[in-house]
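J.: Got a structure here, written out as structure tokens. Questions coming.
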């Protein structure tokens with residue numbers, strides 16, 4: 001009886017590590033975003049595959065798929081897909097850099113995480129702008 005009384009009188013502590021002791025950082029966000037963009041790339045690649053199938057084998061389906069892709073909602077999907085591709089690519093290169101044993105210091109990891117977010121946004125805007133020029137001609 002005394003053992004259970006002692007156990008209940010001790011303070012309850014969270015099992016380590018617990019979310020309450022971690023501060024959310026950009027490196028954590030980059031890790032989560034990398035996983036999320038991987039999932040988004042699966043969905044976007046499925047849409048790309050449907051578009052390619054319609055182009056090659058189904059002349060009646062192609063206008064519907066192309067119409068969806070150039071609709072406002074479709075443009076948002078394409079823009080998100082392009083950004084996800086850019087982020088996943090650049091963050092993958094960051095991981096290859098880490099595999100060489102460099103860039104693992106906390107300050108460097110934070111700087112490269114910010115650089116990946118900024119660089120992927122700039123790269124996606126450039127790709128979308130150049131792609132838009134191709135659609136107009």
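Numbering (our numbering), first residue to last: 1 to 137.
Think of the CB as a built atom: it goes at the ideal place given N, C-alpha and C, for glycine as much as any other residue.
1) Of all the options 117, 9, 123, 47, which has the alpha carbon lying nearest to the alpha carbon of residue 75?
2) Out of 104, 92, 62, which has the shortest C-alpha to C-alpha gap to residue 116?
3) Are there three or more Cβ pairs, one per stretch, closer than 8 Å when the stretch 95–106 is compared with the stretch 60–79?
4) Measure the beta-carbon distance from residue 30 to residue 84 and round it to whole angstroms, keeping in mind my assumption that it falls under 8 Å.
5) Note down the Cα distance separating residue 90 from residue 12, rounded to an integer number of angstroms.
6) Nearest to residue 131 by alpha carbon, out of 79, 39, 21, 40?
7) Go ahead and label residue 88 buried or exposed: buried means 16 or more other beta carbons lie within 10 angstroms of its beta carbon, across all protein chains shown.
T.: Put simply:
1) 47
2) 92
3) no
4) Cβ-Cβ separation between residue 30 and residue 84: approximately 13 Å, too far for a contact (criterion under 8 Å).
5) 43 Å
6) 79
7) buried
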